[in-house]
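J.: The listed protein sequences derive, respectively, from chains A and B. The first sequence begins at 315 in the working numbering and counts up one residue at a time. The second sequence begins at 277 in the working numbering and counts up one residue at a time. I'd like to ask some things about the structure below.
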Amino acid sequence: MSPILRADSVSARDGTGGPCARVRLIDICKSFGALRANDHVSLEVMPGEVMCLLGENGAGKSTLMNILYGLYRCDEGRIEIDGQAVSIRSPHEALAHGIGMVHQHFMLVPPLTVTENVILGTRSLFRHGSILPDMRSVEKQVDEVACRYSLRIDAAARVSMLSVGEQQRVEIVKALYRGVRLLILDEPTAVLTPQETDELFHTLRVLTAAGLSIVFITHKLNEVMAAADRVTVLRDGVVVGRRLIGETSQQELAQLMVGRDVQMTIEKGSARPGAEVLEVADLTVAGDEGRKLLDGISLHVRAGEILGIAGVDGNGQRELALAITGLLKPAGGRICIAGKDLTGKPPHEIIEAGARFIPEDRQSEGLVLDFTIAENLILKSFAKPPFAVRQMLQRQAIDDYARRIVKTFDVRTSSVHAKTADLSGGNQQKVVLGREIDQHPVLLVAAQPTRGLDVGATEYIHKALLEQRDRGVAILLISTELEEVLALSDRIAVIYEGRIAGEVAGDRANTQRIGLLMAGVRREDCD
Amino acid sequence: MGLITALQSLLTACLRMAAPLIYTTIGETYDERAGVVNIGLEGLMLIGACTAFVVAFFAHSMALALLMAALVAGVFGLIFAYVTVTLQANQIVTGTAYNLIGLGLSSFVYRVLFSNSADTRLEPLQPVSIPVLSRIPFIGPILFQQTWLVYGALLLAIAAAVVLNKTMLGLSLRAAGEHPRAVATAGLSVVRLRYGAAIFGAMLAGIGGAYLPIAWVGVFVENMVAGRGFIALAIVVFGRWKPMGMLWACLLFGFAYALQLRLQTQNLQVAYQLLQVLPYLATIVIMIVMRGQSAQPKAMGVPYTERA
Chain A
315 MSPILRADSV
325 SARDGTGGPC
335 ARVRLIDICK
345 SFGALRANDH
355 VSLEVMPGEV
365 MCLLGENGAG
375 KSTLMNILYG
385 LYRCDEGRIE
395 IDGQAVSIRS
405 PHEALAHGIG
415 MVHQHFMLVP
425 PLTVTENVIL
435 GTRSLFRHGS
445 ILPDMRSVEK
455 QVDEVACRYS
465 LRIDAAARVS
475 MLSVGEQQRV
485 EIVKALYRGV
495 RLLILDEPTA
505 VLTPQETDEL
515 FHTLRVLTAA
525 GLSIVFITHK
535 LNEVMAAADR
545 VTVLRDGVVV
555 GRRLIGETSQ
565 QELAQLMVGR
575 DVQMTIEKGS
585 ARPGAEVLEV
595 ADLTVAGDEG
605 RKLLDGISLH
615 VRAGEILGIA
625 GVDGNGQREL
635 ALAITGLLKP
645 AGGRICIAGK
655 DLTGKPPHEI
665 IEAGARFIPE
675 DRQSEGLVLD
685 FTIAENLILK
695 SFAKPPFAVR
705 QMLQRQAIDD
715 YARRIVKTFD
725 VRTSSVHAKT
735 ADLSGGNQQK
745 VVLGREIDQH
755 PVLLVAAQPT
765 RGLDVGATEY
775 IHKALLEQRD
785 RGVAILLIST
795 ELEEVLALSD
805 RIAVIYEGRI
815 AGEVAGDRAN
825 TQRIGLLMAG
835 VRREDCD
Chain B
277 MGLITALQSL
287 LTACLRMAAP
297 LIYTTIGETY
307 DERAGVVNIG
317 LEGLMLIGAC
327 TAFVVAFFAH
337 SMALALLMAA
347 LVAGVFGLIF
357 AYVTVTLQAN
367 QIVTGTAYNL
377 IGLGLSSFVY
387 RVLFSNSADT
397 RLEPLQPVSI
407 PVLSRIPFIG
417 PILFQQTWLV
427 YGALLLAIAA
437 AVVLNKTMLG
447 LSLRAAGEHP
457 RAVATAGLSV
467 VRLRYGAAIF
477 GAMLAGIGGA
487 YLPIAWVGVF
497 VENMVAGRGF
507 IALAIVVFGR
517 WKPMGMLWAC
527 LLFGFAYALQ
537 LRLQTQNLQV
547 AYQLLQVLPY
557 LATIVIMIVM
567 RGQSAQPKAM
577 GVPYTERA
């Protein structure tokens, strides 16, 4: 299939960086205000290898690659390509040097076709040839590039009609069409099902066999082991380790990445489910143009158990959480909390019934970032004593309460009067968590509760959720991180295109089966 | 026969009334497709109208008048781009300021230059018959006995459609209004594309405004644009952000203008103010009917920042 496969390539090379390195970054420094995102970072990528850039959120991986791709300018340091010093001031120059990037959030224009997206920016706008070339022949070229690397795409399709996995292939083809020799992939698996991830890894092997260099940015250890030849670990903007994959382990990498020993698995006792707390029956939510965002969802959660909702992002998870918490009016169906029918009721009645909510975007939905920690903590209870007496806020009571929560939930801050915007992501989430679970809810809806958090904060949130479960709270955990769903849930339901594709018990769950459900393969087919 | 002639003159007037809207809406279409909303069209049209009238009155050249109207409005477009693209100010507020500036500035300049003049009329552009074609029965006089500004408007719509849909420039503009970061990562400059669109859009609004004194009435009157700039904003929605859509939508509004003018001369027992409402009423009805707006460019009105 691919005429330019090279037999000699796929092998890891030593990390000393000889003159043959395709790209060398030397002593790169970059600061944003007081934050040192990159501190004398050096790394090199060889032809034909997959180099993993491993690190937690905020370790400086994306900053480093954005410098290489010309989106940021570094404060200090040099870049060499094939031994030649270069300066890269824009994506345009990066592309001219053969560097391409597949961003975490795709850089595709949905209303345009695959081919239009691929040729965007590849031809001069004003000189001759600015007339769009014959689409048929360009589509053929795009097809040829895709076929050469066994990437299946339809060059004539509109991007808005493609699945996420297909869109990612378009992004890769876009780079290949421009003849890049180094491809940066920024957290490419975040939006993929396990099967799509395997397919991506296969593609990476085809690409490196053809001599391309790949930089693979991730924080997932199993992916490093599966896909990389070599790994460079970043922590707090500094390179803390370089390893050949054959000479390292997940445990060692985890330790390098986090800076201390980490527990790889969560210890979880078995659940003791009680009475039914949340019952959702035939829930339907309509979207634009008659499309159903939720299509007859039925599920129930009992006290003292965690029901995990697995699924690829954008399959109705957001709408499910919003409908249950009263922020989105359902078109049909029923939502009962603790035996009370609350369908279509406003959020305050649902809160009154004992439901609490950790929204998926803590910065825009969970917190008012310009408010202080204390103010954020009373967002749902400020109108009642002891926080308000005769419509006047009681500063003392509010501050005392806030100090207690900050202490209980280990929010690292100098004062309860600090702005929440100044907290780290993990501490912001602890503020949300504290506000939501301190008042003894009966139901907790947790949407993407650890998105963007580092390992330490994630551990904390997970422990807190299990603790709540053991106290008898019914928890609906909605997460696109399959690992998280598997680790915490007592039962797992998979959501696909607004429907529950299937349900499995937490202990019988296996990645393969859930992966198939996530991809929309029907239950009877995968048994 | 009387009816046919009446219809013919109605449709001729329709085209004549549609032309300024075509210029303005095509410009705004480019603007918005690239992600910049300029609601200051009314102000830009007034500036164009005033500039064109002044130049035509003193220099006796229609072509120069039109050119100056486009250039002066273009400078305002450049300022608009600087304020909204570079400084990232709110586009709606800036556009509102443009409407106020346009009204004030055009009235001021006109009063300073003409307050003592008794005769402030100029001979408006005359229709140019196109040989052979204008002899086609019925549609000949409608389509081929117009001023060259009307022909220009029709050709502009077609050219604008071709450029937007069939060239790399058009592709890049469309992408800039949908997903500017994708354009930037593809190695193009979002800032340059948006500057270009904002200046082009303003120049066309200037020409649309210039049309009124030099191709239609031959005088300048304070606030003579009379809401056409606002109606143009509605037409862009109605025409679904497509140049050919603008053409048809403008013809429809041109018809509404022509109809109310015609009805006013019919001695109907209706207050003429009620008839004048017709185009504005049509605007409101259309905004209600078109409320879906799924064709709207995604990044329209959103400033673009380089920061990730």
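The beta-carbon is built from N, C-alpha and C at its ideal position, and this holds for glycine as well.
Which one or two residues does DSSP pair with Q421(B) in a beta bridge?
T.: For the purposes of this step, residue 421(B) is taken as residue 145 along the second sequence, with counting starting at 1. DSSP output for Q421(B) lists S405(B) as bridge partner(s).
J.: Just how far apart, CA to CA, sit G463(B) and S404(A)?
T.: Position 187 of the second sequence, counted from the start, is the residue given in the question as residue 463(B). Position 90 of the first sequence, counted from the start, is the residue given in the question as residue 404(A). The alpha-carbon atoms of G463(B) and S404(A) are separated by roughly 7 Å.
J.: Closer than 8 Å is the cut-off here; do at least three beta carbon pairs connect the region 304-320 of chain B with the region 360-372 of chain B?
T.: Enough Cβ pairs lie closer than 8 Å, so yes.
J.: Put G610(A) into one of helix, strand or coil per three-state DSSP.
T.: Here residue 610(A) is taken as the residue at index 296 of the first sequence, counted from 1. Looking at G610(A) - three-state DSSP - the assignment turns out to be strand.
J.: In this structure, does DSSP put E590(A) in helix, strand or coil?
T.: Along the first sequence, read from residue 1 onward, the residue named residue 590(A) stands at position 276. DSSP places E590(A) in strand when its eight states are reduced to three.
J.: Per DSSP, R472(A) is paired with what?
T.: As a working mapping, residue 472(A) is identified with position 158 in the first sequence. T427(A).
J.: Go through the region 707-781 of chain A residue by residue and report every complete run of the beta strand (DSSP E) that reaches 3 residues or more, in order.
T.: The qualifying runs are 757-761.
J.: Does the region 414-431 of chain A come close enough to the region 462-476 of chain A that 3 or more CB-CB pairs lie under 8 Å?
T.: Touching, yes.
J.: Which residues in the same chain as D724(A) place their Cβ atom closer than 8 Å to its Cβ, once the five residues preceding and following it in sequence are excluded?
T.: Sequence index remark: in the first sequence, residue 724(A) carries index 410 (1-based). Only K744 and Y774 meet the Cβ criterion.
J.: Considering only C-alpha positions, which residue in the set E689(A), M475(A) and L439(A) is nearest to S448(B)?
T.: Position 172 of the second sequence, counting from 1, holds the residue named residue 448(B). With distances taken between Cα atoms, S448(B) lies closest to L439(A).
J.: Do you know how far the Cα of F384(B) is from the Cα of S391(B)?
T.: Sequence index remark: in the second sequence, residue 391(B) carries index 115 (1-based). Sequence index remark: in the second sequence, residue 384(B) carries index 108 (1-based). One C-alpha to the other measures close to 10 Å.
J.: Roughly how many whole angstroms lie between the Cα atoms of E797(A) and I809(A)?
T.: Position 483 of the first sequence, counting from 1, holds the residue named residue 797(A). Position 495 of the first sequence, counting from 1, holds the residue named residue 809(A). If I take the Cα positions, the gap works out to 16 Å.
J.: With a threshold of 8 Å, are at least 3 pairs of Cβ atoms found where one atom belongs to the region 714-733 of chain A and the other to the region 779-793 of chain A?
T.: No, they do not touch.
J.: The alpha helix (DSSP H) with F496(B) in it runs from where to where?
T.: Here residue 496(B) is taken as the residue at index 220 of the second sequence, counted from 1. Run containing F496(B): none; DSSP gives neither H nor E here.
J.: In the structure shown, what three-state DSSP assignment does V494(A) receive?
T.: In the first sequence, counting from the first residue as 1, residue 494(A) sits at position 180. Here V494(A) sits in coil by DSSP.
J.: Taking Cβ to Cβ, would you say A310(B) is nearer than 8 Å to A502(B)?
T.: In the second sequence, counting from the first residue as 1, residue 310(B) sits at position 34. In the second sequence, counting from the first residue as 1, residue 502(B) sits at position 226. In this structure, A502(B) does not lie closer than 8 Å to A310(B) by Cβ.
J.: Between M365(A) and T522(A), which are expected to be in contact by the criterion C-beta below 8 Å, what is the C-beta distance as a whole number of angstroms?
T.: For the purposes of this step, residue 365(A) is taken as the residue at position 51 of the first sequence. For the purposes of this step, residue 522(A) is taken as the residue at position 208 of the first sequence. That belief does not hold up - the Cβ atoms of M365(A) and T522(A) are roughly 10 Å apart, past 8 Å.
J.: Quick one, are the C-beta atoms of G618(A) and D784(A) less than 8 Å apart?
T.: Translated into the one-based positions of the first sequence, residue 618(A) becomes position 304. Translated into the one-based positions of the first sequence, residue 784(A) becomes position 470. Against a cut-off of 8 Å, the Cβ pair of D784(A) and G618(A) comes out as a contact.
J.: So with CB distances below 7 Å, who are the chain A contacts of S337(B)?
T.: Position 61 of the second sequence, counted from the start, is the residue given in the question as residue 337(B). Those within 7 Å of S337(B) in chain A number zero; the least Cβ separation is about 30 Å.
J.: Hey, quick one: how far does the beta strand (DSSP E) through S345(A) stretch, first residue to last?
T.: One-based indexing of the first sequence puts residue 345(A) at position 31. From DSSP, the beta strand (DSSP E) with S345(A) extends over V337 to F346.
J.: Go ahead and pull the three-state DSSP assignment for T507(A).
T.: Here residue 507(A) is taken as the residue at index 193 of the first sequence, counted from 1. If DSSP states are grouped into helix, strand and coil, T507(A) belongs with coil.
J.: Using a C-beta cutoff of 8 Å, does H406(A) count as contacting chain B?
T.: The count along the first sequence starts at 1 and reaches residue 406(A) at position 92. Yes, its Cβ sits closer than 8 Å to a Cβ of chain B.
J.: Three or more C-beta pairs closer than 8 Å, one from the region 479-488 of chain B and one from the region 323-341 of chain B: is that the case here?
T.: Contact between the region 479-488 of chain B and the region 323-341 of chain B is present, because at least three Cβ pairs lie under 8 Å.
J.: So, for R516(B): in the same chain, excluding its five sequence neighbours on each side, which residues have a beta-carbon less than 6 Å away from its beta-carbon?
T.: As a working mapping, residue 516(B) is identified with position 240 in the second sequence. Cβ within range, chain order: A571.
J.: Please tell me whether R483(A) has its Cβ less than 8 Å away from any Cβ of chain B.
T.: Within the first sequence, residue 483(A) is the residue found at index 169, counting from 1. No, R483(A) lies away from the interface with chain B (no Cβ there is under 8 Å from its Cβ).
J.: I'd like the span of the beta strand (DSSP E) that includes D353(A), first residue to last.
T.: Position 39 of the first sequence, counted from the start, is the residue given in the question as residue 353(A). Run containing D353(A): L349 to V359, per the beta strand (DSSP E) assignment.
J.: What do you get for C461(A), buried or exposed, if any count of 16 or more other CB atoms within 10 angstroms of its CB means buried?
T.: Your numbering for residue 461(A) matches position 147 in the first sequence. So C461(A) ends up on the exposed side.
J.: Would you call the CB atoms of V337(A) and S527(A) closer than 8 Å?
T.: As a position in the first sequence, residue 337(A) is number 23, starting the count at 1. As a position in the first sequence, residue 527(A) is number 213, starting the count at 1. Contact flag set, yes.
J.: Which full runs of the alpha helix (DSSP H) of 4+ residues lie inside the region 445-489 of chain A, going along the chain?
T.: List check, alpha helix (DSSP H) in window: 449-462.
J.: Just the C-alpha distance for M444(B) and V432(A), rounded to the nearest angstrom, thanks.
T.: On the second sequence, position 168 is the one that residue 444(B) refers to. On the first sequence, position 118 is the one that residue 432(A) refers to. Roughly 12 Å separates the two Cα atoms.
J.: I'd like to know if the region 385-395 of chain A and the region 579-587 of chain A are in contact, where contact means that at least 3 CB-CB pairs between them fall below 8 Å.
T.: The region 385-395 of chain A, when compared against the region 579-587 of chain A, does not touch it at the 8 Å Cβ threshold.
J.: For V459(B), return the contacting residues in chain A, with the cut-off set at a CB-CB distance below 9 Å.
T.: The residue labelled residue 459(B) in the question sits at position 183 within the second sequence. Going along chain A in sequence order, the residues near V459(B) (Cβ under 9 Å) are M421, V423, L434 and G435.
J.: Just to confirm the assignment, what range does the beta strand (DSSP E) spanning F352(B) have?
T.: Counting from one through the second sequence, the residue named residue 352(B) turns up at place 76. Per DSSP, F352(B) belongs to no beta strand (DSSP E); it is in the alpha helix (DSSP H), M338 to A357.
J.: Quick check: is the beta carbon of L440(B) nearer than 8 Å to any beta carbon in chain A?
T.: Walking along the second sequence from the start, residue 440(B) turns up at place 164. For L440(B), the answer is no, since every Cβ of chain A falls outside 8 Å of its Cβ.
J.: Name, please, each residue of chain B whose Cβ falls closer than 8 Å to the Cβ of M379(A).
T.: Here residue 379(A) refers to the residue found at position 65 when the first sequence is read from its first residue. Those within 8 Å of M379(A) in chain B number zero; the least Cβ separation is about 11 Å.
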